[in-house]
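In our numbering, the protein residues as written are 24 to 378. Even glycine gets a Cβ: it sits at the ideal position worked out from N, Cα and C. Heads up, the thing below is written out as structure tokens.
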Amino acid sequence: MSLPKVHILGAGSIGSLLAYNLAKAKVFTPVLMLRDAARQKDFKKRGSTVYYCGNDTPLSQFGIRHNYNTEPLLTGEGIQIESMSPDQIKEPLSHIIVTTKAQSTLSALFNYKEAIDCNTSMLFLQNGLGLREQMEDKVWRYDDPNKPHLFFGVTTHGAHRLPSPFYEYRHAGQGQIDMAIGPSTMLEENPFEQILQTSPTLGCQNTMPYPELLLKQCQKLVVNACVNPLTALMDCNNGQLLDSYASGTIINTVVFESSVILREYLLDTIGHQINPALISSALKPQRLNELVNKVLELTHGNSSSMREDVRNNRVTEIRYINKFLMDMGNKYKKPVTANLMLYNLVNAQQDFNKF
Numbered sequence: 024m025s026l027p028k029v030h031i032l033g034a035g036s037i038g039s040l041l042a043y044n045l046a047k048a049k050v051f052t053p054v055l056m057l058r059d060a061a062r063q064k065d066f067k068k069r070g071s072t073v074y075y076c077g078n079d080t081p082l083s084q085f086g087i088r089h090n091y092n093t094e095p096l097l098t099g100e101g102i103q104i105e106s107m108s109p110d111q112i113k114e115p116l117s118h119i120i121v122t123t124k125a126q127s128t129l130s131a132l133f134n135y136k137e138a139i140d141c142n143t144s145m146l147f148l149q150n151g152l153g154l155r156e157q158m159e160d161k162v163w164r165y166d167d168p169n170k171p172h173l174f175f176g177v178t179t180h181g182a183h184r185l186p187s188p189f190y191e192y193r194h195a196g197q198g199q200i201d202m203a204i205g206p207s208t209m210l211e212e213n214p215f216e217q218i219l220q221t222s223p224t225l226g227c228q229n230t231m232p233y234p235e236l237l238l239k240q241c242q243k244l245v246v247n248a249c250v251n252p253l254t255a256l257m258d259c260n261n262g263q264l265l266d267s268y269a270s271g272t273i274i275n276t277v278v279f280e281s282s283v284i285l286r287e288y289l290l291d292t293i294g295h296q297i298n299p300a301l302i303s304s305a306l307k308p309q310r311l312n313e314l315v316n317k318v319l320e321l322t323h324g325n326s327s328s329m330r331e332d333v334r335n336n337r338v339t340e341i342r343y344i345n346k347f348l349m350d351m352g353n354k355y356k357k358p359v360t361a362n363l364m365l366y367n368l369v370n371a372q373q374d375f376n377k378f
């Protein structure tokens, strides 16, 4: 008997981490939803296989290669994963986990819009804030009869792709997944809890109230607002920021500025649903600084997604990270100097990379 399917939109490090571990659990069949037929052809050319390893797994004796005819870098076997492209849509899908980068999400959703209807449940597991409002404005308006059931989550897993032509990744930092039912969703239960908890490695927690999740998303937003731009500008791994006193000073400044902005944002959006003291406690600069340092330690060898995007002249997520903080700072009339500086520097770096 075939297993029920769960579709994953986004075949990057987190999407592949989910697919790999769900396939290992053998309770659900993960299906990677790829950008187009060409990307699916490329995936099949490499055996439709995803390889994942931990920090303690050595690379094979051949080292780093860029020859498509060689063997994968990782010792041991990968796991074959089913895939699909937009032209293969036959009917709406039941469960979709979205792990695309925030800047790519709207176009990805439009590509697969025929696969989504009012019976579809969707979990958005991404960095940044502001995307939910964009989706409600541009994809599914509040009264859209085809609007799916929306769930939101945040993960602290650290993972990155290895320098290989194959789909090989390293699970650099063990984390967890937190989720909540979206504010406009009428369902009382979260089906993704049952799906993701089939794999202990994923560390999926029980569903929490949306205001509590938004607190966690804001904490991660501050971490990303510090780590992502700085690693992109310094062209360094995450952990190298710990070795720089100057980087630490910049982080302290961004943390303080962001904590002030986000406190106003949360008091305005969920202050009537949660004890304001919890907001103040979650956003204390000292606590946020500790979170940043913890992430830098756990993902010491990681290369941030923004660094890789800048290196490869791709659009970054900064619009949903530092730019979101700038927009909220301007809305609530709070200083945005530090976030504005990082935002402009990353964009300037990308401008120079084009020459």
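Pairwise C-alpha distance: residue 282 and residue 358 = Translated into positions along the sequence shown, residue 358 becomes position 335. Translated into positions along the sequence shown, residue 282 becomes position 259. Their Cα atoms are separated by approximately 11 Å.
Residue 193 - partner residues in DSSP beta bridges | For the purposes of this step, residue 193 is identified with residue 170 of the sequence shown, where counting begins at 1. Bridge partners of residue 193: 76, 183.
Assign residue 86 to one of two classes, buried (16 or more other C-beta atoms within 10 Å of its C-beta) or exposed (fewer than that).
-> The sequence position of residue 86 within the sequence shown is 63, counting from 1. At residue 86, the pLDDT of 39 sits below 50, so the modelled position is not reliable; the number obtained from the coordinates is stated separately. With fewer than 16 other Cβ atoms within 10 Å, it is exposed.
Who pairs with residue 174 in a beta bridge, going by DSSP?
-> On the sequence shown, position 151 is the one that residue 174 refers to. Note: residue 174 sits in a beta bridge opposite 146, 204.
Quick one: what's got a C-beta closer than 8 Å to residue 90's C-beta in the same chain, skipping five residues either side?
-> Within the sequence shown, numbered from 1, the residue matching residue 90 stands at position 67. The pLDDT assigned to residue 90 is 38, lower than 50, so where the model puts this residue is not dependable, and the model offers no usable value.
Ends of the alpha helix (DSSP H) at residue 317?
-> The residue you call residue 317 lines up with position 294 of the sequence shown. Here the alpha helix (DSSP H) through residue 317 covers 308-321.
Own chain, CB closer than 6 Å to residue 144, minus 5 neighbours either side, in chain order = Your numbering for residue 144 matches position 121 in the sequence shown. Excluding sequence neighbours, residue 144 sits near 118, 172, 214.
Chain-order list of residues whose beta-carbon lies under 8 Å from that of residue 292 (same chain, five-residue window excluded) = Start at 1 with the first residue of the sequence shown, and residue 292 comes out as number 269. So the list reads 237, once near-sequence residues are dropped.
In its own chain, which residues sit with a C-beta less than 8 Å from the C-beta of residue 198, not counting the 5 before and 5 after it?
-> For this step, residue 198 is matched to residue 175 along the sequence shown. 178, 179, 180, 181, 226, 321, listed in sequence order.
Taking residue 362 and residue 280 to be in contact with their CB atoms under 8 Å, please state how far apart those CB atoms are, rounded to whole angstroms.
-> For the purposes of this step, residue 362 is taken as residue 339 along the sequence shown, with counting starting at 1. For the purposes of this step, residue 280 is taken as residue 257 along the sequence shown, with counting starting at 1. With a Cβ gap of about 6 Å, residue 362 and residue 280 count as contacting.
Whole-angstrom distance between residue 25 and residue 360, CA atom to CA atom | Counting from one through the sequence shown, the residue named residue 360 turns up at place 337. Counting from one through the sequence shown, the residue named residue 25 turns up at place 2. Cα-Cα distance, rounded: 55 Å.
Simplified DSSP state of residue 28, which is helix, strand or coil = As a first step, residue 28 is located in the sequence shown; it is residue number 5 there, counting from the start. Looking at residue 28 - three-state DSSP - the assignment turns out to be strand.
Whole-angstrom distance between residue 67 and residue 223, CA atom to CA atom | The residue given as residue 223 occupies position 200 in the sequence shown. The residue given as residue 67 occupies position 44 in the sequence shown. One C-alpha to the other measures close to 28 Å.
Assign residue 133 to buried or exposed, taking buried as 16 or more other Cβ atoms, counted over all protein chains shown, within 10 Å of its Cβ.
-> Your numbering for residue 133 matches position 110 in the sequence shown. So residue 133 counts as exposed.
Using 10 angstroms around the beta-carbon of residue 371, count the other beta-carbons present and answer buried if the total reaches 16, otherwise exposed.
-> By 1-based counting over the sequence shown, the position of residue 371 is 348. The residue in question, residue 371, is exposed, as its Cβ has fewer than 16 Cβ neighbours within 10 Å.
How is the alpha helix (DSSP H) around residue 360 delimited, first residue to last?
-> Indexing the sequence shown from 1 puts residue 360 at position 337. It spans 360-376 - the alpha helix (DSSP H) in which residue 360 sits, taken as one unbroken run.
Same chain, Cβ closer than 6 Å to residue 9, neighbours up to 5 away in sequence not counted = Residue 9 lies beyond the residue range present for the chain, which begins at 24 and ends at 378; the question has no answer from this structure.
When burial is assigned at 16 or more other CB atoms within 10 Å of the CB, is residue 248 buried or exposed?
-> Within the sequence shown, numbered from 1, the residue matching residue 248 stands at position 225. Classification for residue 248: buried.
Counting along the chain, where does the beta strand (DSSP E) carrying residue 53 start and finish?
-> On the sequence shown, position 30 is the one that residue 53 refers to. 52-56 is the span of the beta strand (DSSP E), which, as asked, contains residue 53.
Around the Cβ of residue 327, are there at least 16 other Cβ atoms within 10 angstroms (buried) or fewer (exposed)?
-> By one-based count along the sequence shown, residue 327 stands at place 304. So residue 327 ends up on the buried side.
Once you ignore the five residues that flank residue 346 on each side, which residues in its own chain have a CB closer than 7 Å to its CB?
-> Along the sequence shown, read from residue 1 onward, the residue named residue 346 stands at position 323. Same-chain partners within the cutoff: 366.
Chain-order list of residues whose beta-carbon lies under 7 Å from that of residue 152 (same chain, five-residue window excluded) = In the sequence shown, counting from the first residue as 1, residue 152 sits at position 129. Closer than 7 Å at Cβ, skipping near neighbours: 240, 244, 343, 347.
Whole angstroms is fine: what's the gap from residue 334's alpha carbon to residue 376's?
-> Against the sequence shown, residue 334 aligns to sequence position 311. Against the sequence shown, residue 376 aligns to sequence position 353. Looking at the two C-alpha atoms, the distance is approximately 8 Å.
In angstroms, rounded to a whole number, what distance separates the CA positions of residue 111 and residue 49?
-> Counted from its first residue, the sequence shown places residue 111 at position 88. Counted from its first residue, the sequence shown places residue 49 at position 26. The alpha-carbon atoms of residue 111 and residue 49 are separated by roughly 24 Å.
Between the stretch 301-312 and the stretch 253-261, do at least 3 Cβ pairs fall closer than 8 Å?
-> no
Helix, strand or coil for residue 209, going by three-state DSSP, please let me know.
-> Here residue 209 refers to the residue found at position 186 of the sequence shown. Reduced to three states, the DSSP call for residue 209 is coil.
For the alpha helix (DSSP H) containing residue 120, list its first residue and its last residue.
-> As a working mapping, residue 120 is identified with position 97 in the sequence shown. Here residue 120 belongs to no alpha helix (DSSP H); instead the beta strand (DSSP E) covers 118-121.
Cutoff 7 Å; reference residue 106; Cβ partners in own chain excluding five residues on either side = Taking the first residue of the sequence shown as 1, we reach residue 106 at position 83. Within the same chain, residue 106 has close Cβ partners 54, 55, 57, 63, 66, 71.
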